[in-house]
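Just below is one structure, and these are the notes that go with it.
Number of protein chains: 2
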Amino acid sequence: MDFLRPELIPDPTVRRLSLYLRQLEVVHRQERRTISSRQLADSLGLTDAQVRKDLTYFGTFGQPGVGYNVSELVARIRRILGTDQQWNVLLVGAGNLGRALLSYGGFAAKGLSIVAVFDNDPAKIGQSIADRPVQPLEAITDAVRQHDARLAIVAVPADSAQEVADGLIRAGIRGILNFSPSRLNVPPTVALQAVDLALQLEQLTFQVSLNSMTRSGARHP
Amino acid sequence: MDFLRPELIPDPTVRRLSLYLRQLEVVHRQERRTISSRQLADSLGLTDAQVRKDLTYFGTFGQPGVGYNVSELVARIRRILGTDQQWNVLLVGAGNLGRALLSYGGFAAKGLSIVAVFDNDPAKIGQSIADRPVQPLEAITDAVRQHDARLAIVAVPADSAQEVADGLIRAGIRGILNFSPSRLNVPPTVALQAVDLALQLEQLTFQVSLNSMTRSGARHP
DNA sequence: TGGTGTGAATCCTTTCACAGCC
DNA sequence: GGCTGTGAAAGGATTCACACCA
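Chains A and B, in that order, give the protein sequences. For the record, in the first sequence the residue sitting at position 132 is 132 according to the working numbering, with numbers rising by one throughout. To get the working numbering, take the position in the second sequence, counting from 1, and add 1000.
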């Protein structure tokens, strides 16, 4: 990890790392000790060479003739992805989506915890959602400091998303998960992931349209 | 469209098509008549050559010296993506996420309409959510026929997702938007898009970890 | 034998650069 | 001059194939 040259790591590799981790956690629960690149690849519909190449970006931890030690690999991938740490997250937007996210179990599993909720609707401010009081946007800066929060979720309408993001960045947030259907502009020091439902819906209608035209196969993600 | 050889169209191209459409809709609302590949590219952080190459996969509709006719291009991309049609969608899973999706405005904008809701929890069946009664899973097959539904959203826990997907596919569904954190197995005739929150969270923590290690820049999606 | 790690080869995507048109 | 459409070149990612190890 420490000798990592991050700019050389292909983006697709990092994405697959998450898939490897998920599958390895399954295998780990089954108390399997080791796994080969072939076995891991087959369970995910990939090739063994790809698994090996991906992993060697981060070091060399397989044993020829044996494979990879499952629990060691789990620990190392968690460390690489950063989910071995605790992450405090701010949620901006207390609408239906915000509510759904607050009850989503997946955050805790990755060491993430939503520590505060914000909205600009006076009617919502002061209400409690899942035991967290909804605060005005002006309280963001203090909350970042108080909770040492590095991540934020933007779940507001498109027309206020950029404004919210700017505020979060000024307050010192280092990564944003954007649920609004808008392209956020952030400096290169701030990481950005977008959950773009409209885009994915269009990919789906495109694929289905194509399939029914051609009667051939669909592409899979 | 009719002379389209779908297997040749790169996946990234189809993804960008959605981005083009979104930006073109903005420009269209501003009553701009034409747009050049350069202008479109700049607004999305891409190159002009990429825009032109992407578009030529679907035909040739620019005018040298002038650019692309905005409203024509909007109409053609909508047609390509299939969002010029009406799509009836089944929603499986009436939890918090399902509820949030029912109130999400983006579906209607893409011609999608959630026509029925299903859940296997007896306590939920019969309840109404956003004017739609929650039905048992057994009612799926009839609903597909009745509404001529081709798409479905899977918003159930990971352990029942595959089972639900199998049922949907048997009932004739042609495309699935999967919100559960599990890899669904579907035949190649069924299109699949996954909204993988756990994966995106890990990409985010990875990028932020990297940034704070290297003090250099983050990659952007 | 079964398996990793990795250079070389292949495949795919993006960018370049320019002929041709308005 | 401005802009599209497109072959050719460059750049990345994936797969191949094999040396080497347990």
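Glycine included, each C-beta is placed from N, C-alpha and C at the ideal position.
- Y1068/B is bridged by DSSP to I1035/B, G1062/B.
- A straight line joining the alpha-carbon of R29/A with that of V74/A spans about 11 Å.
- By the Cβ rule, the stretch 64 to 83 of chain A counts as touching the stretch 29 to 43 of chain A, because three or more pairs are nearer than 8 Å.
- Taking the CA atoms as reference points, V156/A sits about 17 Å from A1109/B.
- Judged by DSSP secondary structure, F1118/B falls within the beta strand (DSSP E) whose first and last residues are 1112 to 1118.
- Closest by C-alpha distance to T205/A, out of V1014/B, Q1146/B, T1047/B, is V1014/B.
- Contact between the stretch 1107 to 1126 of chain B and the stretch 1183 to 1193 of chain B is absent: fewer than 3 CB-CB pairs across the two stretches fall below 8 Å.
- Going by C-alpha positions, L1101/B is about 43 Å away from T60/A.
- With a beta-carbon spacing of about 5 Å, A1171/B and I1140/B fall inside the 8 Å limit used to define contacts.
- At a Cβ-Cβ threshold of 8 Å, L1019/B and L1044/B count as neighbours.
- Residue contact with chain B for Q193/A: present (Cβ-Cβ distance below 8 Å to some residue of chain B).
- Contacts with chain A at 8 Å (Cβ-Cβ) do not include L1055/B.
- Scanning chain B for C-beta atoms nearer than 9 Å to the C-beta of F206/A yields V1014, L1017, S1018, I1080, L1081, G1082, T1083, A1191, reported in chain order.
- Cβ-Cβ distances below 6 Å link T47/A to A41 in the same chain, with the five nearest sequence neighbours on each side left out; the list follows chain order.
- Neighbourhood of R1052/B in chain A, by CB distance below 9 Å: empty, with the nearest CB roughly 20 Å away.
- For P1181/B, the closest Cβ of chain A is nearer than 8 Å.
- Per DSSP, L1102/B is one residue of the alpha helix (DSSP H) stretching across 1096 to 1102.
- A161/A is the residue among A161/A, L8/A, T83/A, R52/A whose C-alpha sits nearest the C-alpha of N120/A.
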